[in-house]
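Student: In terms of full-length UniProt numbering, the sequence shown opens at residue 1 and continues consecutively.
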Amino acid sequence: MAALHQALAFPTVDSFCFHKKVTEKIPFVVRLPPRVPVFSQVSDSSAAPPNQRPSRTSTSLSSLSRTVDGGASAAANGTNQLFETAPQDMIRGSSSIGSSPLPPSGRPITSPGTSSSSGFPQPSYRLVELSYELRGVKDYMTRALDFVKASDSSVCWFCPIECGEPPEDAPLLLFLPGIDGTGLGLIRHYESLGRMFEVRCLHIPITDRTPFNGLMKHVEDVIVEESYKAPSKPIYLVGDSLGGTLALAVAARNPKLDLVLVLSNPATSFGDSQLQPFLPILGNLPDEIYPAVPYFLSFIMGDPIRMALATVDKKLPDVVRFQVLRENLLSMLPMLESLAEIIPKETLQWKIKLLKEAASYTNSRLHAVKAQVLLLASGKDEMLPSRDEAKRLKKEISSCVVRYYKDSGHTLLLEDGLDLGTTIRGAFLYRKSNKMDPIGDFIYPTTKEFEEAYERSKVLRQMTSPVFFSTKEDGTVVQGLDGVPEDGPVLLVGYHMLLGLELTALVTEFLKRKQLIRGVAHPFLMHGNPEEGLTEPGFADDARVFGGFPAGKKAFFKVLSRKECTLLYPGGTREALHRKGEAYRLFWPERSEFVRAAARFGFTIVPFGVVGEDDLVELLLDYNDIQRIPFLSNMVKELNERAPRVRRGQSGEVAQEDLYMPLLAPKVPGRMYFRFGKPFRTEGRELELQSKEAADVVYKEMKKEVQQCLDYLLRKREDDPYRSIFPRILYESVWGGDWQAQTFDP
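#1: For residue 545, which residues from the same chain have a beta carbon less than 7 angstroms from its beta carbon, with the 5 sequence-adjacent residues on both sides left out?
#2: Once you ignore the five residues that flank residue 609 on each side, which residues in its own chain have a CB closer than 7 angstroms to its CB?
#3: By Cβ distance, which residues of its chain are closer than 7 angstroms to residue 507, with the 5 residues on each side in sequence left out?
#4: Comparing C-alpha positions only, which one of 148, 237, 281, 229 sits nearest to residue 260?
#5: When the Cα of residue 358 is compared with those of 402, 540, 247, 461, which residue comes out closest?
#6: Given this structure, state the Cα-to-Cα distance separating residue 85 from residue 216, to the nearest angstrom.
#7: One question on the structure: do residue 725 and residue 668 come within less than 8 angstroms of each other, judged by their Cβ atoms?
#8: Specify the secondary structure class of residue 400 as computed by DSSP and reduced to three states.
#9: Residues in the same chain with beta-carbon distance under 7 angstroms from residue 770, minus the five sequence neighbours each way, listed in chain order, please.
#10: Report yes if the C-beta distance between residue 654 and residue 588 is below 8 angstroms; otherwise report no.
#11: Give the DSSP-derived three-state secondary structure of residue 741 in the structure shown.
#12: Curious, which full-length beta strand (DSSP E) runs of at least 3 residues does the segment 169-231 contain?
#13: Checking the sheet assignment: what are the DSSP bridge partners for residue 618?
#14: Assign residue 175 to buried or exposed, taking buried as 16 or more other Cβ atoms, counted over all protein chains shown, within 10 Å of its Cβ.
#15: Can you tell me whether residue 739 is buried or exposed, with buried defined as 16 or more other CB within 10 angstroms of its CB?
#16: Look at the Cβ atom of residue 135, then the Cβ atom of residue 187, and state whether they are nearer than 8 angstroms.
#17: What do you reckon, are the CB atoms on residue 265 and residue 376 nearer than 8 angstroms?
#18: Assign residue 506 to one of three DSSP states: helix, strand, or coil.
#19: In angstroms with no decimal places, state the Cα-to-Cα distance between residue 435 and residue 258.
#20: Quick check on residue 560: does DSSP put it in helix, strand or coil?
#21: Can you name the start and end residues of the alpha helix (DSSP H) that residue 725 belongs to?
#22: In this structure, does DSSP put residue 80 in helix, strand or coil?
#23: Spatial neighbours of residue 576 within its chain, please: CB distance less than 8 angstroms, with the 5 preceding and 5 following residues excluded, ordered by chain position.
#24: What are the partner residues of residue 660, as DSSP defines its beta bridges?
#25: Here's the rule I'm using: 16 or more other beta-carbon atoms within 10 Å means buried, otherwise exposed. How should residue 405 be labelled?
#26: Taking the alpha carbon of residue 455 as the point to measure from, which residue in 410, 505, 171 has its own alpha carbon closest?
#27: State the CB to CB distance for the pair residue 482 and residue 472, rounded to an integer number of angstroms; the pair is presumed to be in contact (CB under 8 angstroms).
#28: What do you get for residue 160, buried or exposed, if any count of 16 or more other CB atoms within 10 angstroms of its CB means buried?
#29: Please classify residue 565: does DSSP put it in a helix, a strand, or coil?
#30: Just the Cα atoms here: how many angstroms apart are residue 624 and residue 663?
#31: Would you grab the beta carbon distance between residue 255 and residue 368 for me? Rounded to a whole angstrom, and I think it's under 8 angstroms.
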């Protein structure tokens, strides 16, 4: 085995993986070299196209029983075989969706009728069908007890088998556990993280007494070695509680390494913990009483209901979901007594000492942390003052972004309401190299992420009941999106409603037919405001997860070159932040900005208009009003000094791109109406439309078409008997479900 690793230029197994005696007892972990396929098997890798990776879904269960020696023999014979896997009876936690027993590849699916010869789906179809299993506290406890029974005494790393084969260009993610030391804190997030990272988890046995300096050295050995092997890739350190302080300490000691830290309620505030008065008592309890301590701690460390909800399928009817929740809560209680085995009395005493040492060491070195930091803070943490600590760390660390979960407890990673992979991408912190590439680093969203976003927008949909019309190539207007091409690359250009109120409805409607829209967004929205404090995940995070990218010629061309379905607002910020009396007025540049680019890549341009903002909100204070109020004017000025400019060098109304937040008053909701104009195909006219004159003609036609769509909707909505919310809600409540009220005849 050592010779094989040496031949493959991998470090020795003990430096990052479980010892063999442990892997033989633990069915849900695998010992493997970094970046070696765990589940891949093809008879002749040279026969596959260079850009097409071997499939894991065709691997049989029998192939999973290959031994290390068999892997070595296969490697010697030049075939791409498994180096090492768990036996068949160890395949626990496999997918509960679909027939394949293996974790999913996490690649974009190819919809029926599309070509997969290149290993990549046709344009527009970009949602990922990611198989996953709902896991929670019960699974955590079961596996933690397996670790205890393995009785290993060495600090080591393991790779969760559910994470599957890491993508070839995936960065490394190291998980650093809390006081439990099991390394199972990511158990709910394996599939989500496995398609983004090569995941390794640190395991600290209950009998281990390695001091804080020793743990730092253990982590540093890995990151230094991995940085040497892949200097162009970042390394992610995900730290939970105690692991958060460990991650910060390692980052402070290695400021020149490219690290990204994701910290869940880090224990840097342990000195201010609400448990401080009880700590001396916990260390001196009689052995007969100690088993009651885990019961006490379990209700402090997390919200039992949110932890039980983590394994409740949200697609189930409400009555069934309640029954499953009840069963989960009842099944959790008997397992709490096992906490005394996972964290024995002597181990708890040691971990308390370790927490004190870790907090003291790390707090004295926060100024040296140069890494990017994503801080996840809970609002109902009964163990640590995580909310206040997040504010402090935000000020202490130069590059720190906070995501605040007001209803979560200390064990945030085990509770419902958080998907770590989605959160990292939503914070715009996922990258595969030293430099952020919003296009190349983009991870396509999953159907599960869409379903969750769709559910979050349910109230807005019910309030606005958006209706869609489209125009077929023969000029016929129909209800729905039938007139918008699904085949080939599509560029949507249209009117930007006040504050982008139309975006949620627009994007979700296309996602319902699994057509992902890559929207051009203001860089300020994508990169965020560095002055923000405790920020809850919201619209900006969803925009990043579902395809938004910063405005810029280079990024726009790169998206078009990938044949993505793209959304562009030529009016930009000026249109979305218009003044009083300017609703439904277009603020487009004088000359074409997109026609020649679209023609170069054979895009079909679809103009569209949307109305309804005047039925939703009343604009009370616009930009001109705010400029007359001194303290508000100063705030707007400071904001725009930090914000990047997109329209530099341009003149006219469109160049007025100052950002500000208008004061709005809600109205009794009306309805939102979309109309997509006749598609304009550029395929076959690439050379013709490279002429500025020809492109300008098409550009003016598109602008005229958008205005006609707006005029059409403003006129026709007067005929909608359900434009007002009251008759509409009455109609929809009678029919029930997601039934939508009728509208005017196109």
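From the three backbone atoms N, C-alpha and C, an ideal C-beta is built for every residue, glycine too. Fair warning: this is a prediction, and the values are worked out from it, not measured in the lab.
Tutor: Answer, in terms of the structure:
#1: Only 422, 425, 426, 445, 449 meet the Cβ criterion.
#2: Beyond the five residues adjoining it in sequence on each side, residue 609 comes within less than 7 angstroms, by CB distance, of 494, 495, 675, 706, 709, 710, 713 in the same chain, given in chain order.
#3: Answer for residue 507: 517, 546, listed in chain order.
#4: It is 237.
#5: Considering only alpha carbons, the answer is 247.
#6: Low per-residue confidence applies at residue 85: pLDDT is 31, beneath 50, and the placement is therefore not dependable, though the value from the model is reported in the following sentence. If you take the alpha carbons of residue 85 and residue 216, they lie about 29 angstroms apart.
#7: At a Cβ-Cβ threshold of 8 angstroms, residue 725 and residue 668 count as neighbours.
#8: Under the three-state reduction of DSSP output, residue 400 falls in the strand class.
#9: This structure cannot speak to residue 770, because the chain is shown only from 1 to 746.
#10: The answer is yes: Cβ separation under 8 angstroms.
#11: Per DSSP, reduced to three states, the secondary structure at residue 741 is coil, with no helix or strand assignment.
#12: Taking 3 residues as the minimum length, the beta strand (DSSP E) runs contained wholly in the segment 169-231 are 172-176, 198-203, in order along the chain.
#13: Paired residues: 665.
#14: Buried.
#15: Residue 739 is exposed by the Cβ-count criterion.
#16: In contact: residue 135 and residue 187 (Cβ atoms closer than 8 angstroms).
#17: Yes, Cβ-Cβ distance for residue 265 and residue 376 is below 8 angstroms.
#18: In the three-state reduction of the DSSP assignment, residue 506 falls in the helix class.
#19: If you take the alpha carbons of residue 435 and residue 258, they lie about 10 angstroms apart.
#20: Here residue 560 carries a helix assignment [DSSP, helix/strand/coil].
#21: 725-735 is the span of the alpha helix (DSSP H), which, as asked, contains residue 725.
#22: With a pLDDT of 30 at residue 80, under the threshold of 50, the modelled position of that residue is not reliable, and the figure given next carries that caveat. The three-state reading of DSSP puts residue 80 in strand, counting E and B together.
#23: 496, 497, 498, 499, 500, 569, listed in sequence order.
#24: Note: residue 660 is not bridge-paired with any residue in the DSSP secondary-structure output.
#25: Answer is buried; the Cβ neighbour count reaches 16.
#26: Ranking 410, 505, 171 by CA distance to the CA of residue 455 puts 505 first.
#27: Yes, they are in contact, since the Cβ atoms of residue 482 and residue 472 sit about 7 angstroms apart, within 8 angstroms.
#28: By the 10 Å Cβ count, residue 160 comes out buried.
#29: In the structure shown, residue 565 sits in coil (DSSP, three-state: anything other than H, G, I, E or B).
#30: Just so you know, the alpha carbons of residue 624 and residue 663 end up roughly 12 angstroms apart.
#31: So it is a contact: roughly 6 angstroms between Cβ atoms.
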